[in-house]
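> Numbering (the numbering used here), first residue to last: 3 to 219. Every residue, glycine too, gets a C-beta built ideally from N, C-alpha and C.
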Amino acid sequence: MGTRYDQLDLDDRIEISRLRENGMSFQGIGRLMGRSASTISRELRRNALPKSGYKPASADRMALSRRRRLSRIERLNPLRTYVGDGLAMGWSPEQIAGRLRQEGSEHSVGVETIYRFIYRPRVLQEKLYRFLPHAKSCRGRRYFKSRREPLQGRRSIHERPQNAASRSEFGHWEGDLMQFRTQRGNLLTLCGRGRQGIRRGSQRGQKPGQPNSQGDG
Numbered sequence: 003m004g005t006r007y008d009q010l011d012l013d014d015r016i017e018i019s020r021l022r023e024n025g026m027s028f029q030g031i032g033r034l035m036g037r038s039a040s041t042i043s044r045e046l047r048r049n050a051l052p053k054s055g056y057k058p059a060s061a062d063r064m065a066l067s068r069r070r071r072l073s074r075i076e077r078l079n080p081l082r083t084y085v086g087d088g089l090a091m092g093w094s095p096e097q098i099a100g101r102l103r104q105e106g107s108e109h110s111v112g113v114e115t116i117y118r119f120i121y122r123p124r125v126l127q128e129k130l131y132r133f134l135p136h137a138k139s140c141r142g143r144r145y146f147k148s149r150r151e152p153l154q155g156r157r158s159i160h161e162r163p164q165n166a167a168s169r170s171e172f173g174h175w176e177g178d179l180m181q182f183r184t185q186r187g188n189l190l191t192l193c194g195r196g197r198q199g200i201r202r203g204s205q206r207g208q209k210p211g212q213p214n215s216q217g218d219g
């Protein structure tokens, strides 16, 4: 009999209780039921009552209550095994999610779900994060792009004069303004449409005007 990875049900728990009362070891129960010894050990450890010990009906209720609080990957043993094995083989969460979709699995999940599973407090002890590219034990802050309103009164490049578009006279410039998240001020680059060269400078604001400092390129 191969090893089973589906969830234990009440009948399984009744059998575990009976075999354990007869003095059978975790390994023996596991072999007889087609389960791993760690599954039997974890079941008896997590679902036993402090005073009365392991009772199948109580254990089944406790497991059901706990399962409702688990993530999708934690609830489904085949999916949990697939994700864990994939990470151990060097697959990224993106690759795992993609393979599940490609294989048409009924248990497909998204990339973010896999990351959340890896960093759930009860899963951290398994240290699955070691298989990630950065191998961090805690997840960094996630930044989301905000929707920005277009600049008011902006003019399209298609509206520039024909003389500037054809580069037929001096005095026309193209400019690019770069803003930085962690620095005050901006970087302004001006490129002449004729042969004026390139000028660069810093600028405190975004309004038209000469930069605070300039340099010719």
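Check each candidate in 109, 47, 97 and name the one with the smallest Cα separation from residue 73.
Nearest option by C-alpha distance: 109.
> So what's residue 188 in DSSP terms, helix, strand or just coil?
Residue 188: strand per DSSP, three-state reduction.
> Whole angstroms are fine: how far does the CA of residue 98 sit from the CA of residue 22?
So the alpha carbons of these two residues sit roughly 38 Å apart.
> Between residue 11 and the rest of its own chain, which residues show a CB-CB distance below 8 Å, the 5 nearest in sequence each way excluded?
Counting only Cβ-Cβ distances below 8 Å, and skipping sequence neighbours, we find 62.
> With distances taken from CA atoms, which of 57, 38, 56 is nearest residue 79?
Of 57, 38, 56, the residue nearest in Cα terms is 38.
> Does the separation of the CB atoms of residue 58 and residue 31 fall below 9 Å?
For residue 58 and residue 31, no; Cβs fall outside 9 Å.
> Return the Cβ separation of residue 177 and residue 190 in integer angstroms, given the expectation that the two are a contact with Cβ distance under 8 Å.
Indeed, because the Cβ distance is near 6 Å, the residues count as touching under 8 Å.
> Work out the CA separation of residue 193 and residue 179 for me, nearest whole Å.
Approximately 12 Å between the Cα atoms of the pair.
> By the 10 Å Cβ neighbour count, where 16 or more other Cβ atoms means buried, how is residue 25 classified, buried or exposed?
Exposed is the call here.
> From this set, 170, 8, 164, 162, which residue's C-alpha is nearest residue 76's C-alpha?
Per the Cα distances, 8.
> Note down the Cα distance separating residue 68 from residue 158, rounded to an integer number of angstroms.
Cα-Cα distance, rounded: 59 Å.
> Is it buried or exposed, residue 51, if we count other Cβ atoms within 10 angstroms and call 16 or more buried?
Flag for residue 51 reads exposed.
> Where does residue 95 land, buried or exposed, given buried means 16+ other C-beta within 10 angstroms?
The residue in question, residue 95, is buried, as its Cβ has 16 or more Cβ neighbours within 10 Å.
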